[in-house]
Amino acid sequence: MSTVDQLAVRLDDAVTSRIAIPSSGAGTGLDVPTAYRVQQAVVDRRLARGERAVGLKLGLTSRAKMTQMGVDEVIWGRLTDAMRIPDGGTVRLDDHIHPKAEPEVAFLVEGGAVTAVAPAIEVIDSRYVDFRFTLPEVIADNTSASGFVLGAWQPIPDGIDNLGVLLEVDGRAVQVGSTAAILGDPRRALSDAVRLADVNGVDLADNSILLAGAATAAVPLRAGSYVRVTVERLGTASLRVGS
């Protein structure tokens with residue numbers, strides 16, 4: 001079994017067993033191109049179990065995160081239908097390792113163009129111990145993708161580059177931000193996604209979902225909590241946390 005396949009099996013097993021694996025740190029020898037090959041192998045295992053690809057997600061879309069990871073472009077991962085959580089639906093902690101939620105903006109892609117936008121929540125859940133990883137490791141881990149909630153699709157409003165974003169837990173504001181945190185304008189996510197998909201031979205087909213990136217820091221999910229994201233002029237998306 002190749003190194004790519006070995007790491008893909010370890011990461012996929014971490015998902016299904018809910019047991020995190022340790023980061024190998026900089027000494028792993030894993031580079032970014034190889035990491036994307038691992039990611040593809042991880043996703044292929046999910047598709048082989050009957051899941052269906054539904055879109056892409058972007059990561060490291062804030063300048064602060066890029067600087068922290070020492071990179072100058074976004075990273076990306078894959079979404080499947082099994083990751084989708086109904087608006088207002090429940091996320092079970094027992095199905096995850098150490099999940100967190102972050103507010104996002106989602107776009108609907110049709111004919112290679114964005115046709116609608118929605119408030120969204122992404123549930124991230126690193127398969128590495130303590131959410132500690134190198135850049136190639138998080139890419140290999142499908143950029144920590146675990147779940148997502150979409151609010152109602154809306155026409156794209158003017159001024160989407162600076163809409164207020166509020167993340168609440170049990171009715172209390174825990175993060176406040178702006179869509180400007182997403183590449184300065186979340187619409188830039190589309191051009192990045194199209195470019196990355198083209199370079200890597202990924203089909204960004206009609207009715208694809210694109211998560212443009214986090215508007216604030218992520219917050220850990222706690223049993224019994226109610227999490228709601230509000231994006232100015234776009235509405236809300238929410239989830240409940242079960243045990």
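Position 101 (the sequence shown) corresponds to 101 in my numbering; numbering is contiguous.
In this text, a Cβ means the ideal position worked out from N, Cα and C, and glycines have one as well.
Predicted, not measured: the structure shown is a model, and the values here were computed from it.
Within the same chain, show all residues whose beta-carbon is closer than 7 Å to that of residue i, passing over the 5 residues directly before and after it, in chain order.
i: SER225; result: VAL169, ASP170, VAL241
i: ARG255; result: Past the boundaries of the shown model lies residue 255; the chain is included only from 1 to 243, so the question cannot be answered.
i: ARG52; result: THR80, ASP81
i: LEU30; result: PRO136, GLU137, ALA140
Which word fits residue i, buried or exposed, when buried means at least 16 other C-beta atoms lie within 10 angstroms of its C-beta?
i: GLN6; result: exposed
i: GLY55; result: buried
i: ARG37; result: buried
i: LEU47; result: exposed
i: SER2; result: exposed
i: ALA189; result: buried
i: SER146; result: buried
i: GLY177; result: buried
Just the Cα atoms here: how many angstroms apart are residue i and residue j?
i: ARG132; j: THR61; result: 19 Å
i: ASP192; j: LEU93; result: 32 Å
i: ASP87; j: VAL219; result: 18 Å
i: THR143; j: ALA35; result: 10 Å
i: LEU167; j: ASP185; result: 19 Å
i: ASN200; j: VAL109; result: 18 Å
i: THR216; j: ILE182; result: 9 Å
i: ALA14; j: ALA41; result: 14 Å
i: SER24; j: ASP158; result: 45 Å
i: ALA223; j: VAL202; result: 36 Å
i: LEU221; j: ASP95; result: 12 Å
i: ASP198; j: LEU204; result: 8 Å
i: VAL227; j: GLY50; result: 29 Å
i: GLN39; j: GLU73; result: 18 Å
i: PRO99; j: ARG187; result: 27 Å
i: ALA101; j: VAL4; result: 29 Å
Give me, in chain order, the residues of the same chain whose beta-carbon lies closer than 8 Å to that of residue i; leave out the 5 immediate sequence neighbours on both sides.
i: VAL32; result: LEU135, PRO136, ILE139
i: ASP148; result: Contrary to the premise, residue 148 reads as Phe rather than Asp in this sequence. Contacts found: LYS57, LEU79, MET83, ARG84, ILE85, GLU104, ALA106, ALA120, ILE121, GLU122, VAL123, ILE209, LEU211.
i: ALA180; result: ASP161, ASN162
i: GLY89; result: VAL149, LEU239, ARG240
i: SER243; result: ARG92, LEU93, ASP94, ALA223, GLY224
i: ALA194; result: Ala is not the amino acid found at residue 194; the sequence shown has Val there. Taken in chain order, the residues that qualify are GLY112, LEU204.
Ignore the nearest five residues each way along the sequence and tell me which others in residue i's own chain have a CB closer than 6 Å to its CB.
i: PRO22; result: VAL129
i: TRP76; result: LEU56, LEU58, LEU196
i: GLU232; result: LEU163, GLY164
i: SER126; result: SER144
i: ASP141; result: LEU11, ARG127
i: VAL229; result: PRO103, PRO119, ILE121, LEU167, ALA237
i: VAL43; result: ARG78
i: LEU234; result: PRO119, GLN154
i: ILE97; result: ARG18, ALA20, ASP125
* Asked: Quick check: the segment 204-218 against the segment 98-112, are there 3 or more CB pairs under 8 Å?
  -> yes
* To do: Pair every Cβ in the segment 10-19 with every Cβ in the segment 172-188, then say whether three or more of these pairs are closer than 8 Å.
  => no
* Please determine if the segment 116-124 and the segment 146-159 are in contact, where contact requires at least 3 C-beta pairs separated by less than 8 Å. => yes
* **Ordered list of alpha helix (DSSP H) runs contained in the segment 22-101, each at least 4 residues** => 32-48, 63-69
* Asked: At what residue ranges does the segment 134-186 contain a whole run of the alpha helix (DSSP H), taking only runs of 4 or more?
  -> 135-140
* To do: Run through the segment 183-218 for me and flag every whole beta strand (DSSP E) of 3 or more residues, listed as ranges in chain order.
  => 208-214
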